[in-house]
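Right, one structure below, let's go through it.
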Amino acid sequence: MALVPYDDRDGLIWLDGVLRPWREVKVHVLTHALHYGSAVFEGERAYEGHVFKLTEHSQRLIDSGRIMDMQIPWTLEQIDEATKATLAASGLKDAYVRPIAWRGSEMMGVAGQKNTIHLAIAVWEWGAYFADRMKGIRLDIGEWRRPHPKTAPTAAKAVGLYMIATLNKHAAEAKGYADALMLDWRGQVAEATGANIFFVIDGEVHTPTPDCFLDGITRRTVMKLARNRQMKVVERAIMPEEMAKATECFLCGTAAEVTPVSEIGPYKFTPADITKTLLDDYEKTVRMSPEEVAKIAA
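With this note's numbering applied, the sequence shown covers 4 to 301.
Shown next as structure tokens:
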């Protein structure tokens with residue numbers, strides 16, 4: 004299939020308060036964010052014309068900006084409405100949504116306090132992140148690790164934190180894997196390159212404590228769905244060798260949704276009932292109205 008470049012598409016992108024033609028939305032080569040990683044973003048999905056947990060995503064964007072010393076000059080409500088307007092303008096019901104905020108080009112140096120903070124929102128059609136999901140995907144164990152929270156702003160969804168994810172995913176795909184498991188600086192299990200991870204051990208759902216990576220919105224949703232099913236959910240430090248005790252494993256994230264895993268390095272898993280139940284429950288939940296989703300989350 005031919006690659007369709009993201010800078011050469013039809014449609015509209017919301018930029019700094021205005022919907023503009025897709026191909027005209029550009030930034031200067033001396034933009035601070037390009038040189039120093041001063042940008043934060045969100046990954047969102049729309050189902051049936053509604054962005055799933057939109058306000059949670061918009062709030063996390065604002066919070067990430069604050070952690071990065073970037074005051075995003077739009078309110079939570081304004082970002083929500085801008086996202087809805089961009090989705091409506093796209094004409095899509097099921098879509099991927101990408102808000103991103105960044106420092107502009109007034110200053111070029113490590114310091115960038117006087118740079119304008121810009122905000123853009125784009126929407127495009129995107130299917131399943133991983134195909135044939137119940138078969139289970141294969142993961143390598145990545146060389147690059149999640150950093151200590153005193154060495155990087157790990158609570159922010161900041162663009163610079165995805166550099167090591169890209170390196171791990173490139174290496175994994177070169178070896179025939181779909182993705183990579185990332186350990187943290189201590190050698191504990193952390194997450195995949197763009198999704199949180201869960202294991203089924205003795206009938207319980209175990210997941211790493213998010214103390215140096217994002218506590219994902221999808222992660223929290225899946226934990227709630229599991230507890231609604233009376234499943235025991237355990238958040239704890241997980242060492243790699245403990246994967247030998249797990250019978251099932253799955254990833255979850257906005258892009259990955261709920262994706263079963265069949266293999267991580269030398270460890271094998273069989274996608275089964277718990278994974279299938281949570282996958283089905285998640286797929287039903289995301290297609291509910293925002294009001295119905297709020298009731299489930301209560």
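Note that the Cβ used here is the ideal one computed from N, Cα and C, for glycine as well.
- Relative to Trp17, the option among Leu64, Pro243 and Ile124 whose CA is nearest is Ile124.
- Going by DSSP, Tyr285 is part of no beta strand (DSSP E) but of the alpha helix (DSSP H) stretching over Asp276 to Val289.
- The region 224 to 241 makes contact with the region 277 to 292, as at least three CB pairs between them are under 8 angstroms.
- Ala91 carries a helical assignment under DSSP once its states are collapsed to helix, strand and coil.
- Contact between Trp127 and Ala88 is ruled out by a C-beta separation of about 16 angstroms, above the 8 angstroms threshold.
- For Arg148, the three-state secondary structure derived from DSSP is coil.
- Annotated three-state conformation of Ser108 is coil, per DSSP.
- By the criterion of at least three beta-carbon pairs nearer than 8 angstroms, the region 49 to 66 is not in contact with the region 171 to 182.
- Rounded to whole angstroms, Ala259 and Arg222 show a C-alpha spacing of 11 angstroms.
- Segment contact: the region 264 to 272 against the region 286 to 295, fewer than three CB-CB distances shorter than 8 angstroms; contact not assigned.
- His53 sits in a strand when the DSSP states are folded into three classes.
- In this structure, Glu109 lies near Lys117, with their beta-carbon atoms less than 9 angstroms apart.
- In the pairwise beta carbon analysis, the region 179 to 186 is classified as not touching the region 203 to 212: fewer than three pairs are separated by under 8 angstroms.
- Collapsing the DSSP output to three states places Pro293 in a helix.
- Residue pairing of Arg141 in beta bridges, as defined by DSSP: Glu266.
- In this structure, the straight-line span from the alpha carbon of Glu245 to that of Lys271 is close to 12 angstroms.
- Looking at the DSSP output, Val100 bridges to Glu47 and Val126.
- For the 9 angstroms CB-CB criterion, Pro24 and Leu15 form a contact.
- The shortest C-alpha to C-alpha distance from Thr119 to any of Val21, Ala5 and Gln74 is the one to Gln74.
- When the five nearest sequence neighbours on each side are left out, the beta carbons in the same chain lying within less than 8 angstroms of the beta carbon of Leu64 are those of Val43, Phe44, Glu45, Ile75, Ile82, Pro102, Ala104 and Lys160, in order along the chain.
- With a threshold of 16 other beta carbon atoms within 10 Å, Glu80 falls short and is exposed.
- The three-state reading of DSSP puts Leu6 in coil, since its state is none of H, G, I, E or B.
- Bridge pairing for Lys271: Glu266 [DSSP].
- Note: Met185 is bridge-paired with Glu194 in the DSSP secondary-structure output.
- Non-local C-beta neighbours of Gly139 in its own chain, meaning closer than 6 angstroms and more than five positions away in sequence, comprise Pro263, Val264, Ser265 and Pro274, ordered along the chain.
- In the three-state scheme derived from DSSP, where H, G and I count as helix and E and B as strand, Ile120 is classed as strand.
- Counted as a single uninterrupted DSSP element, the beta strand (DSSP E) harbouring Ile200 occupies residues Asn199 to Ile204.
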